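I have placed the structure first, in the form of structure tokens, so that the comments after it can refer back to it.
2 protein chains.
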Amino acid sequence: MEYTIGQVAKQLGLSTPTLRYYEDEGLLSGVRRTEGGRRVYTESDLEALRVIECLKHTGLSIKEISDFVKMVSRGDESIPDRLELFRERRDQVKTQQAELAHMQEILVFKCWYYEKALELGSEAAVRALPNSKVPKRLREVRNYLGSFD
Amino acid sequence: MEYTIGQVAKQLGLSTPTLRYYEDEGLLSGVRRTEGGRRVYTESDLEALRVIECLKHTGLSIKEISDFVKMVSRGDESIPDRLELFRERRDQVKTQQAELAHMQEILVFKCWYYEKALELGSEAAVRALPNSKVPKRLREVRNYLGSFD
DNA sequence: ATACAAGTTAAAGTAAACTTTAAGTCAAGC
DNA sequence: GCTTGACTTAAAGTTTACTTTAACTTGTAT
Chain A
0 MEYTIGQVAK QLGLSTPTLR YYEDEGLLSG VRRTEGGRRV YTESDLEALR
50 VIECLKHTGL SIKEISDFVK MVSRGDESIP DRLELFRERR DQVKTQQAEL
100 AHMQEILVFK CWYYEKALEL GSEAAVRALP NSKVPKRLRE VRNYLGSFD
Chain B
0 MEYTIGQVAK QLGLSTPTLR YYEDEGLLSG VRRTEGGRRV YTESDLEALR
50 VIECLKHTGL SIKEISDFVK MVSRGDESIP DRLELFRERR DQVKTQQAEL
100 AHMQEILVFK CWYYEKALEL GSEAAVRALP NSKVPKRLRE VRNYLGSFD
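The listed protein sequences correspond, in order, to chains A and B.
Residues in the first sequence are numbered from 0 upward in steps of one, following numbering that gives the first Met the number 0.
Residues in the second sequence are numbered from 0 upward in steps of one, following numbering that gives the first Met the number 0.
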């Protein structure tokens, strides 16, 4: 199957200027053109774009992704470098996941806090609650945050 | 305990200009000053900054955080709004976690892929492997990504 | 008392990742 | 054959979140 820039944009949730921008920045090269100069995306271009989206979502900048693409075009010789890049990414995402889990704890505490405030009629009343009235798993977060809203 | 701007910066891993910038943007108000005009941060300022960091790390922009701070200063009346904000954040982080887990699968696949490529001497050799030679839990990702590097 | 590190302000500068604009070209439907 | 919507380019503009600069003041250590 082959696609126009508009169809690809829709599928990936990107805008058409963004797709052109990615090409300008070297994230995608060798996109075929029609006689009239319009881009024609193949299934394989879509696959490349999916990996690009993955790298983007795990925190790589456009520049770093373009460096990766350059590696790819160096062929098998760059396999060790690419392995290193993906290992780094994998480890970094693990860290990110731990951090996000911590943030989630804070948010869960905050939801409890404001539900209680709504129930009791004021923040002050929630702050005045003894730790024994706070769900066990939220106590640690409460200590970490202190008395702030 | 009370702290200078430099001490706070160190503790939170921010720069001193960033702390001043946050104040300018309304993320933190009422920071006390010495006679000579220097900022004095209290324990409670630190707690506020920890919540700000949490909101930032879960994807809120500076503007959105400043809107939250404005809510706080409206007092108990804004509790329902604040509850809604934290519920939204909590749900959004859950989505983010799912997405990150998906990205992690891709990265784990890529690490396997390049380890295998290193072992076999080329990418082509890995691509040529039948699905039966691919660890079970990685097969789905392999199909999703297709044949791209 | 004096040096100097750390603080102060306002304003300008930066980097990243797009988005918008302007001026046109292409191709599908009537 | 003509309109219209989707495409093309190059260049300028935008937003976000800081950072840097410059000129100055404060407070601590010798």
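The C-beta atom is built at its ideal place from N, Cα and C for all residues, glycine as well.
Since the model is a prediction, treat every value here as computed from it, not as a measurement.
Any contact between the region 67–86 of chain B and the region 24–43 of chain B? By contact I mean 3 or more CB pairs, one from each, below 8 Å.
Output reads yes: the region 24–43 of chain B touches the region 67–86 of chain B.
Taking 8 Å as the threshold, find out whether the region 96–112 of chain B comes into contact with the region 86–99 of chain A through three or more Cβ pairs.
Output reads yes: the region 86–99 of chain A touches the region 96–112 of chain B.
State buried or exposed for L54(A), treating a residue as buried only when at least 16 other CB atoms are found within 10 Å of its CB.
Buried, by the Cβ-count rule.
Between the Cα of Q96(B) and those of E52(B), H56(B), L119(B), R32(B), spot the shortest distance and give me the residue it belongs to.
Answer by Cα proximity: H56(B).
Determine, using beta carbons only, whether F108(A) comes closer than 7 Å to chain B.
F108(A) does not count as touching chain B.
Does any CB atom of chain A fall closer than 7 Å to the CB of L11(B)?
So, not an interface residue.
Which residues, taken in chain order from the region 43–69 of chain A, show a beta carbon closer than 7 Å to some beta carbon of chain B?
The residues in question are S43, E46, A47, R49, V50, C53, H56, T57.
Just verifying my parser: in three-state terms, what is the DSSP assignment at T94(A)?
Of the three classes helix, strand and coil, the one that applies to T94(A) here is helix, per DSSP.
Could you check the C-alpha separation between D80(B) and K132(B) for me, to the nearest Å?
Going from the Cα of D80(B) to the Cα of K132(B) covers about 54 Å.
Shortest alpha-carbon distance to L119(A) belongs to which of I78(B), K115(B), N142(B)?
The shortest C-alpha separation from L119(A) is found at I78(B).
Candidates D90(A), T94(A), H101(A), M0(A): which alpha carbon is nearest K93(B)'s?
Ranking D90(A), T94(A), H101(A), M0(A) by Cα distance to K93(B) puts H101(A) first.
What are the start and end residues of the alpha helix (DSSP H) that includes T15(B)?
15–23 is the extent of the alpha helix (DSSP H) around T15(B).
Spatial neighbours of M0(B) within its chain, please: CB distance less than 7 Å, with the 5 preceding and 5 following residues excluded, ordered by chain position.
Excluding sequence neighbours, M0(B) sits near E42.
Under 7 Å between C-beta atoms, does S72(B) make it to chain A?
No, its Cβ sits nowhere closer than 7 Å to a Cβ of chain A.
So, is the C-beta of S121(B) closer than 7 Å to a C-beta in chain A?
Cβ-Cβ to chain A under 7 Å: yes for S121(B).
Just to confirm, are N130(A) and R138(A) a CB contact at a threshold of 7 Å?
Yes, the Cβ-Cβ distance between N130(A) and R138(A) is below 7 Å.
Check E1(B) in the structure and name its three-state DSSP category.
In this structure, E1(B) counts as strand in the three-state DSSP scheme.
Which residues, taken in chain order from the region 92–104 of chain B, show a beta carbon closer than 8 Å to some beta carbon of chain A?
Taking 8 Å as the Cβ-Cβ cut-off against chain A, the residues of the region 92–104 of chain B that qualify are V92, K93, Q95, Q96, E98, L99, A100, M102, Q103.
Tell me R31(B)'s beta-bridge partners as DSSP assigns them.
Per DSSP, V39(B).
Run through chain A and tell me which residues come within less than 7 Å of A127(B), C-beta to C-beta.
Within 7 Å Cβ-Cβ: nothing; A127(B) doesn't reach chain A, min ~14 Å.
Cα separation between T3(B) and V50(B)?
Their Cα atoms are separated by approximately 19 Å.
Could you confirm whether any beta carbon from chain A is found closer than 7 Å to the beta carbon of Y113(B)?
True, the Cβ-Cβ gap to chain A drops below 7 Å.
Mind checking L128(B): buried by the 16 CB within 10 Å criterion, or exposed?
Classification of L128(B): exposed, given that the 10 Å Cβ count is below 16.
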